[in-house]
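The next block holds one structure in the form of structure tokens; read it before the comments.
Number of protein chains: 2
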Amino acid sequence: MTTTIKDVALQAGCSIKTVSRVINNEPFVSAQTREKVLQAIEALDYAPNFSARRLVTRKSFTIGILLHEAGFYQSAILSRMMDISYQLDYDILLQSYFPSHNRSRVKLAQLIHERRVDGLVITPPCDVDPFLRQLLASADIPQVQITPLNRSRQTAFVSGDDYQGAFLMTEHLINLGHKRIAYLTGPRNHRMSIDRLYGYRAALDTYAIPQDRNLVLDSEFTFAGGYTAAKIMLFSDTPPSAIFAGSDDAALGALFSAQELGWKVPEQLSICGFNDLPQAQQTWPGLTTVSHPISDIVEKATFMLLEILSVRPVKDKQIILPSKLIIRKSTGRVFD
Amino acid sequence: MTTTIKDVALQAGCSIKTVSRVINNEPFVSAQTREKVLQAIEALDYAPNFSARRLVTRKSFTIGILLHEAGFYQSAILSRMMDISYQLDYDILLQSYFPSHNRSRVKLAQLIHERRVDGLVITPPCDVDPFLRQLLASADIPQVQITPLNRSRQTAFVSGDDYQGAFLMTEHLINLGHKRIAYLTGPRNHRMSIDRLYGYRAALDTYAIPQDRNLVLDSEFTFAGGYTAAKIMLFSDTPPSAIFAGSDDAALGALFSAQELGWKVPEQLSICGFNDLPQAQQTWPGLTTVSHPISDIVEKATFMLLEILSVRPVKDKQIILPSKLIIRKSTGRVFD
DNA sequence: TTGTATGCGTTATCAG
DNA sequence: CTGATAACGCATACAA
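These protein sequence lines are chains F and E, in that order. Take the position in the first sequence, starting the count at 1, then add 1210; the result is the number in this note's numbering. Take the position in the second sequence, starting the count at 1, then add 1210; the result is the number in this note's numbering.
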């Protein structure tokens, strides 16, 4: 037998409404009765039933976080989510979304339809899936996206400045004397992937370095992707003097590749990435990279969602956080 | 105005009970009425209200996962959790637990008291916190622990065989001719830390290699911990020929340290870890380590909890999964 | 095979 | 300031 608000009311000698008032810190309760209620709660070890509250308020007090696959980038997102979760008044629901799995789609549709969450934080590349887009559009559920592909006026989102970051990095390499700078892209349906490519190109143009199509390699934002792409690059007749990978995962793969082939980094080859994940710092010789402030992004996105849920007017629904060059030891003067 | 079971009943021309039967796949509904109900549901785009169902069934259909801090080990746990979440009938609630934060304690206590979760998966080292232990004991909530410190008959848990793994690894080093094998411990309140130390010692004893107290260094299961400990070891007058770190994070830190000081790995120094996190494979020259089958552990723990919740008799409430040596390139013959 | 009535534990309404 | 009573949307004895 669980103790309910009724028991408390009985014990305190008042109505359940008064108990409810005390629980929810509502005004118009005399200090005296409040004290009595508090004591009764204490005595009975009472805790309100969450499901009942959810039912009547028509809210779930839960926000969902939608993640695709499980990579280092996703881990970084979850890490930060965990860190801030304890200060939120909302529960956090972990939801994976694999577009290919039908079961995954059904679960997500239920989650939204049954209103098990009040809002959603959506991480890339979930947002590019057509089924999801339509589902979200028709359900009209509060949401904030993290680095989405689409930046229409309607979507609330938080991104990093990928264009600027890639520009800075390419500039850094150019300043070190590099002219043959390879770029490893990510998937073409990632906003990050595209913007970073443009930033790279813009920097080359700015410094009048001719673009060489062979130096841009379609790859993945993964270790394996970078590993393979670097192998291809390094076996070519005219290898680059620097490899700029679109993500740290890929850069780490490229680094491993280079070391396996006996290239000295950075003496014979410069390698750099993007995101500044913990691994970038912890891998010898220390990966030069661009900080994609994922911690701040997650935090801003979460609190933005909370603001939207509280129906307060939201200041900025579109935030782009600046990037910063993180120079470590994997890049150096060009070698001839 | 949301559509409820009542609307569906009206539309289908039957009672709400019948609708309820169809929704829950109960028998004793004629195929004909079932079809009518299904059509009504479709037409009205009806989805049952989860909170109402929770209230009346007195279940939350949610399992919580308790995590302390956010490291690579935790990330691996969450990764796996995500992967299997889509096939579960339960939602997954992410809950951080920092013993030091009072706010964190309050949140957790609420979570349990208000029955917002039906059960809990508890990850190390949350289980060693006195407040948590008492909270769990008094609340009597279904739970499964991952590699807990305490293995009493009452606790359901899933662990790796840390003792055996450490024994195998030490044996591997001994077989390579190493006699001065350093061991970097983790926190003393981690079961993994203790068992691994014992395994290391047992192997030394088995092969009649004298124990040298100076070769065992109290450290942390972190990159920084391994980095610092290795520095100390390598600067000593009689440095070891091999460093066995109690975790991959620490091993990676030690590896970085060695490379920074110009030691060749594995030619001049062997380094190995424990856990076989993705980083172990992706860091040059490839870290020799012991597989702590975290994916299986998480999966087993989750399904064990589900079994407990379903009130089916649980076969094994105590599972210890075997370890396996993963030999890569960071260990080699002793150098003289 | 189907339906009726009741309760789950809150919050909200509105009169005192 | 306080309280009786009605929702909230579903499941579930029990009756038909």
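We put the CB at the ideal spot given by N, CA and C, even for glycine. This structure is a prediction, so every number in the text was calculated from the model and none was measured.
Integer Cβ distance of Leu-1359(E) from Asn-1399(E), believed to fall under 8 Å: Taking the second sequence and counting its residues from 1, the one referred to as residue 1359(E) is at position 149. Taking the second sequence and counting its residues from 1, the one referred to as residue 1399(E) is at position 189. Sure, about 6 Å apart at Cβ, within 8 Å.
What in chain E is Cβ-close to Pro-1335(F), meaning under 8 Å? As a first step, residue 1335(F) is located in the first sequence; it is residue number 125 there, counting from the start. Within 8 Å Cβ-Cβ: nothing; Pro-1335(F) doesn't reach chain E, min ~15 Å.
How is the alpha helix (DSSP H) around Tyr-1152(F) delimited, first residue to last? Chain F is shown from 1211 up to 1546; residue 1152(F) falls before or after that span and cannot be answered.
What three-state label does DSSP hand Lys-1534(E) in the structure shown? Stepping through the second sequence from its first residue, residue 1534(E) is reached at position 324. Three-state result, Lys-1534(E): strand.
Measure from the alpha carbon of Thr-1438(E) to the alpha carbon of each residue in Ala-1460(E), Arg-1423(E), Leu-1497(E), then state which is nearest. Position 228 of the second sequence holds residue 1438(E). Checking every option, the nearest Cα to that of Thr-1438(E) belongs to Ala-1460(E).
Using a Cβ-Cβ distance cut-off of 8 Å, determine whether Thr-1493(F) contacts chain E. As a working note, residue 1493(F) is residue 283 in the first sequence. Output row for Thr-1493(F): interface = yes.
Mind checking if Asn-1485(E) is an interface residue toward chain F, Cβ cutoff 8 Å exclusive? Here the question's residue 1485(E) lines up with position 275 in the second sequence. Closer than 8 Å: no.
Hey, could you find the ends of the alpha helix (DSSP H) Gln-1242(F) is sitting in? Position 32 of the first sequence, counted from the start, is the residue given in the question as residue 1242(F). That run of the alpha helix (DSSP H) goes 1241 to 1254.
Taking 8 Å as the CB-CB cut-off, is Phe-1513(E) touching chain F? Within the second sequence, residue 1513(E) is the residue found at index 303, counting from 1. Under the Cβ criterion of 8 Å, Phe-1513(E) is not counted among the residues facing chain F.
For chain E, check one thing: does any of its Cβ atoms lie closer than 8 Å to the Cβ of Asn-1259(F)? The residue you call residue 1259(F) lines up with position 49 of the first sequence. Yes, Asn-1259(F) lies at the interface with chain E (some Cβ there is under 8 Å from its Cβ).
Should Asp-1415(E) be flagged as near chain F, meaning a C-beta pair shorter than 8 Å? Residue 1415(E) sits at position 205 when you count from the first residue of the second sequence. Not closer than 8 Å to any Cβ of chain F, the Cβ of Asp-1415(E) fails to qualify, so no.
Taking Phe-1271(E) as part of the beta strand (DSSP E), name the residues at either end of that continuous run. As a position in the second sequence, residue 1271(E) is number 61, starting the count at 1. For Phe-1271(E), there is no enclosing beta strand (DSSP E), as DSSP marks it with neither H nor E.
Looking only at DSSP bridge pairs, what is Ala-1452(E) linked to? What you label residue 1452(E) is simply residue 242 of the second sequence in a count that begins at 1. Ala-1452(E) is bridged to Ile-1391(E), Ser-1480(E).
In this structure, does DSSP put Gly-1329(F) in helix, strand or coil? Within the first sequence, residue 1329(F) is the residue found at index 119, counting from 1. DSSP places Gly-1329(F) in strand when its eight states are reduced to three.
Is there at least one Cβ from chain F nearer than 8 Å to Ser-1505(E)'s Cβ? Stepping through the second sequence from its first residue, residue 1505(E) is reached at position 295. Not an interface residue.
Cβ-based neighbour list, Ile-1226(E), same chain, cut-off 7 Å, excluding 5 preceding and 5 following: As a working note, residue 1226(E) is residue 16 in the second sequence. In the same chain as Ile-1226(E), and ignoring 5 residues on each side of it, the C-beta atoms closer than 7 Å to its own belong to Ile-1215, Lys-1216, Ala-1219, in chain order.
So, is the C-beta of Ser-1313(F) closer than 8 Å to a C-beta in chain E? Residue numbering aside, residue 1313(F) sits at position 103 when the first sequence is read from its first letter. In the sequence under discussion, the amino acid at residue 1313(F) is Arg, which differs from the Ser named in the question. At least one chain E Cβ lies under 8 Å of Arg-1313(F).
Could you please give me the residues that DSSP links to Ile-1529(E) through a beta bridge? Numbered from its first residue, the second sequence carries residue 1529(E) at position 319. In the DSSP secondary-structure assignment, Ile-1529(E) is bridged to Val-1368(E).
Cα-Cα separation between Leu-1531(E) and Asp-1506(E), rounded to whole angstroms: Taking the second sequence and counting its residues from 1, one reaches residue 1531(E) at position 321. Taking the second sequence and counting its residues from 1, one reaches residue 1506(E) at position 296. Rounded to whole angstroms, Leu-1531(E) and Asp-1506(E) show a C-alpha spacing of 8 Å.
Below 8 Å between beta carbons: does that hold for Ile-1536(E) and Ala-1286(E)? As a first step, residue 1536(E) is located in the second sequence; it is residue number 326 there, counting from the start. As a first step, residue 1286(E) is located in the second sequence; it is residue number 76 there, counting from the start. Contact: no.
Please check the pair Asp-1458(F) and Ala-1490(F), which I expect to be a contact at CB under 8 Å, by giving their CB distance rounded to whole angstroms. Your numbering for residue 1458(F) matches position 248 in the first sequence. Your numbering for residue 1490(F) matches position 280 in the first sequence. Taking a contact as a CB-CB distance under 8 Å, the pair Asp-1458(F) and Ala-1490(F) counts as one, their CB atoms being some 5 Å apart.
Cβ-based neighbour list, Leu-1407(E), same chain, cut-off 6 Å, excluding 5 preceding and 5 following: Here residue 1407(E) refers to the residue found at position 197 of the second sequence. Excluding five sequence positions before and after Leu-1407(E), the CB atoms of its chain that fall closer than 6 Å to its own CB belong to Thr-1395, given in chain order.
Just the chain F side, please: which residues come within less than 8 Å of Asp-1293(E) by C-beta, in chain order? What you label residue 1293(E) is simply residue 83 of the second sequence in a count that begins at 1. Contact annotation for Asp-1293(E) against chain F: Ala-1280, Ser-1306 [CB-CB distance below 8 Å, chain order].
In whole angstroms, give me the CA-to-CA distance for Tyr-1300(E) and Thr-1272(E). Locating residue 1300(E) in the second sequence gives position 90, counting from the first residue. Locating residue 1272(E) in the second sequence gives position 62, counting from the first residue. Spanning the two alpha carbons is a distance of roughly 5 Å.
Less than 8 Å separating the beta-carbons of Ile-1351(F) and Ile-1391(F)? Within the first sequence, numbered from 1, the residue matching residue 1351(F) stands at position 141. Within the first sequence, numbered from 1, the residue matching residue 1391(F) stands at position 181. For the pair Ile-1351(F) and Ile-1391(F), the CB atoms are not nearer than the 8 Å cut-off.
For Leu-1276(E), tell me which candidate among Pro-1334(E), Ala-1349(E), Tyr-1393(E) has the shortest Cα-Cα distance. Within the second sequence, the letter at position 66 stands for residue 1276(E). When the alpha-carbon of Leu-1276(E) is set against those of Pro-1334(E), Ala-1349(E), Tyr-1393(E), the nearest one is in Pro-1334(E).
7 Å Cβ shell around Ala-1468(F) - same chain, five flanking residues per side excluded: Sequence index remark: in the first sequence, residue 1468(F) carries index 258 (1-based). Close CB contacts of Ala-1468(F) within its chain, under the 7 Å cut and outside five residues either way in sequence, are with Ala-1440, Leu-1444, Val-1475, Leu-1479, Ile-1481 (chain order).
Would you list, in sequence order, the uninterrupted alpha helix (DSSP H) runs of no fewer than 4 residues that lie entirely inside the stretch 1256 to 1316 of chain E? If we require 4 residues or more, the alpha helix (DSSP H) runs fully inside the stretch 1256 to 1316 of chain E come out as 1260 to 1267, 1282 to 1295.
Report the rounded CA-to-CA distance for Ser-1451(E) versus Arg-1423(E), giving the unit in angstroms. Counted from its first residue, the second sequence places residue 1451(E) at position 241. Counted from its first residue, the second sequence places residue 1423(E) at position 213. If I take the Cα positions, the gap works out to 15 Å.
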